[in-house]
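Heads up, the thing below is written out as structure tokens.
Numbering (the numbering used here), first residue to last: 1268 to 2030.
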């Protein structure tokens, strides 16, 4: 008999209890929840399928858990443990062990010796609490060290480990770039999260917390005493068993989780989460947009500055009134509890029938489950009903209801109600009062407005959006939507993931969906369109339309009517069609637009010149930069907006508005009509620019000579060339002053603007 050959012991498909010999064994559990014991010798244990328990015993053993949630115990010797698939527990025991977690969220316990941990896939934890010495573990370095009884440094290897649990001594646990959990347990521990969204658990002792980068949380729930933690001061204090105040350090921490006692948690200038847990807690958010979670007990909430929210975690319905600064509920003993609400803008209710009331500000009220009453009060409020039969009253302001149902909703603001079919197949009727805006579900909703100006958001699904009276905005989302603006000046926002072709004259919009299929949507009583980030084609009808291309290389065709075309970014094509049409330039750089040439140019973010087309355009509005806007032979409106703009009306009776900045109003001839300058302001640096060749009259280049300018209704001397009537605002050119030739009005300045020769530049 060869003593080096293992003894083979096989289990069944059921739950087996198999025990090896004192020699080398190979034990296979096969199916079922098996217990395998190797005893002495260098054993090979295979759990296979099922939730198995493996004991290697003495000797250097190999244990493989297989599929299932297994418990592997190396016991004595330098063992090799592999959890396989499932959420496994691996105990190395004595010796220098190798622990492979495999797939799943595994728990690895090294024991004594220099151990090698490779946790594998999942969210895995290494426990050091079996060590007799303080640990320094650094996930970013992939190692943990401690000094053994002989004073020698022992080095463990850490691979694919996300969570650490220290000893009862003074440990230092350091995370990596991932989202780590670091548990200090007892002792005076140093916990450093590193990058990522980390969770730090100090336990008892005087602990040092440094979350590092990311949105990190400290849990105090292991403490036996109430905690006062102040992120603005970077410290937390509590009184220990000896009656001594303990001071802990908080650095780079954004979130706090208190104890079951009466804690005081204070935020800093950032966006903080403060969880009171049990007890009568004081939660003060400070600056930033904070989230406050009271838990059970009589809590005090002060959001401080910012847009702050309180989450109610009670076991009964809550009545919370921000205008009164209080919330009440009945506790488990049947007693009414009154909590304080200060500087709170948002509320999240419970799973029960809550009543949430806003104040004069802009509030968010979330009913969650239950049959809730949500009353916005003054301000522009957002009401989220959740499931249940809810009652919505927006109060004053421009208020919105979000439907969070699991089925399609029919909501009619003109009727003040919304209906849907619940999970039990029963129609639910909800109340809508003082609501101006609706957001539907992911299903096929029907949203109907009233006589006011409504916003209707279909979101996903094949929705029907009917604006009713008023100037409404309709947002279809994805799906095959039906838009009817009703009366008023109504707008459709396209939110598709591909380019849209929308034609108001045809009453339809088409796009290619994610499956490559053409979708046809209906457009009725729509006056305004907003396209996508892609290359859209938007076409108006016989009315006065607004067409917004947004991003992409868009084609905007106004059709009949006085239309306004907004290109956005990209290389756009503008055709106003009939009527008095306007182009708004929304580029991030200065534009040169010339209606006489039918083109506009600008330099894009890549430094490349973009050329856009202008056809049948009569009016232009420039950017916030230094634009040059040039008219054609018609009567044009040129608006410079911000920036130091140059406006050249050309022929026709043009309207020129420079806007903010030092603007130039240019004239190439006195015989091209009378242009109106609406906002000439010499103190702002505005100038009237004159062509010496085009005007003649012996003008010389530069600022107009004082002898060639006069205030009044006619020239008073032979040298006068420009006559400004400061009573009427009329500006004339006279080629020979008091000579025989008649003066010609070429400009009209609005508002009796002051004008001198220094405001006229000859070029």
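Think of the CB as a built atom: it goes at the ideal place given N, C-alpha and C, for glycine as much as any other residue.
> Thinking C-alpha only, which one of 1833, 2027, 1434 and 1546 is nearest residue 1472?
Replying inline: Of the candidates 1833, 2027, 1434 and 1546, the one whose C-alpha sits nearest the C-alpha of residue 1472 is 1434.
>> From the DSSP secondary-structure annotation, give me the bridge partner or partners of residue 1495.
In response: 1504 and 1531
>> Can you check which of these residues, 1335, 1276 and 1443, is closest to residue 1312 by C-alpha distance?
In response: 1276
> Quick one, are the C-beta atoms of residue 1466 and residue 1486 less than 9 Å apart?
Replying inline: yes
> Expressed to the nearest angstrom, what Euclidean distance is found between the alpha-carbon atoms of residue 1743 and residue 1753?
Replying inline: 16 Å
> Should residue 1693 go down as buried or exposed, given a rule of 16 or more other Cβ atoms within 10 Å for buried?
Replying inline: exposed
>> Can you list, in chain order, the residues of its chain with a C-beta nearer than 7 Å to that of residue 1519? Leave out the 5 residues immediately preceding and following it.
In response: 1477, 1478, 1479 and 1483
>> What does the alpha-carbon distance come out to for the pair residue 1381 and residue 1413?
In response: Their Cα atoms are separated by approximately 10 Å.
>> Please tell me whether residue 1988 and residue 1965 are closer than 9 Å, where the distance is taken between their beta carbons.
In response: yes
>> Let me make sure I understand the geometry here. Which of 1823, 1346 and 1390 has the alpha-carbon closest to that of residue 1377?
In response: It is 1346.
> Rounded C-beta distance between residue 1431 and residue 1404? I'm assuming under 8 Å.
Replying inline: 5 Å
>> What does DSSP give as the partner residue(s) for residue 1548 in the beta ladder?
In response: Bridge partners of residue 1548: none, in fact.
> Do residue 1872 and the ligand FAD come close, with the Cβ less than 8 Å from some heavy atom?
Replying inline: Judged by which ligands are present, the structure shown has none, so any question about the ligand FAD falls away.
> Rounded to the nearest angstrom, how far is the Cβ of residue 1705 from that of residue 1668, given a contact under 8 Å?
Replying inline: 6 Å
>> Please report the straight-line C-alpha distance between residue 2010 and residue 1957, rounded to a whole angstrom.
In response: 16 Å
> Sorted by chain position, which residues of the same chain lie with C-beta nearer than 6 Å to residue 1717's C-beta, five sequence neighbours on each side aside?
Replying inline: So the qualifying residues of the chain are 1680, 1681 and 1735.
>> The alpha helix (DSSP H) that contains residue 1411, what's its start and end?
In response: Unbroken run through residue 1411 is the beta strand (DSSP E), 1410 to 1414; no alpha helix (DSSP H).
> Enumerated in chain order, which unbroken segments of the beta strand (DSSP E) with a length of 3 residues or greater are wholly contained in the segment 1729 to 1790?
Replying inline: 1731 to 1733, 1740 to 1742, 1749 to 1751, 1758 to 1760, 1767 to 1770 and 1775 to 1779
> Which whole-angstrom value is the C-beta distance of residue 1847 and residue 1885, which I expect to be below 8 Å?
Replying inline: 5 Å
> If you draw a straight line from the alpha carbon of residue 2015 to that of residue 1944, how long is it in whole angstroms?
Replying inline: 6 Å
> Who are the near neighbours of residue 1374 in its chain, counting only those whose CB is closer than 6 Å to its CB and skipping five residues on each side?
Replying inline: 1356 and 1392
> Which class does residue 1949 belong to by DSSP, given the choice of helix, strand or coil?
Replying inline: helix
> So, using beta-carbon positions, are residue 1904 and residue 1921 closer together than 9 Å?
Replying inline: yes
> For residue 1368 versus residue 1350, is the C-beta distance shorter than 9 Å?
Replying inline: yes
>> Can you list, in chain order, the residues of its chain with a C-beta nearer than 6 Å to that of residue 1613? Leave out the 5 residues immediately preceding and following it.
In response: 1576 and 1631
>> I'd like to know if residue 1892 contacts chain D, where contact means its C-beta is closer than 9 Å to some C-beta of that chain.
In response: In the structure shown, chain D does not exist; there is a single protein chain.
>> Quick check: what's the CA-CA separation for residue 1317 versus residue 1287?
In response: Rounded to whole angstroms, residue 1317 to residue 1287 spans 20 Å at the Cα level.
> Per DSSP, residue 1866 forms a beta bridge with which residues?
Replying inline: 1861 and 1880
>> Assuming contact is defined by CB atoms lying nearer than 9 Å, are residue 1961 and residue 2002 in contact in what I supplied?
In response: no
>> Using only the alpha-carbon positions, how far apart do residue 1683 and residue 1671 sit?
In response: Between residue 1683 and residue 1671, the C-alpha separation is close to 18 Å.
>> Tell me which residue opens and which closes the alpha helix (DSSP H) that residue 1960 is part of.
In response: 1959 to 1962
>> DSSP three-state label for residue 1277, please.
In response: If DSSP states are grouped into helix, strand and coil, residue 1277 belongs with the strands.
> Touch check for the segment 1892 to 1903 and the segment 1856 to 1864: three-plus C-beta pairs under 8 Å?
Replying inline: yes
>> If you reduce the DSSP assignment to three classes, tell me which class residue 2018 lands in.
In response: helix
>> Quick test of the definition: if touching needs 3 or more C-beta pairs under 8 Å, does the segment 1789 to 1804 touch the segment 1760 to 1770?
In response: yes
> Considering only residues of the same chain and omitting the five flanking positions on each side of residue 1588, which have a CB-CB separation below 7 Å?
Replying inline: Around residue 1588: 1624.
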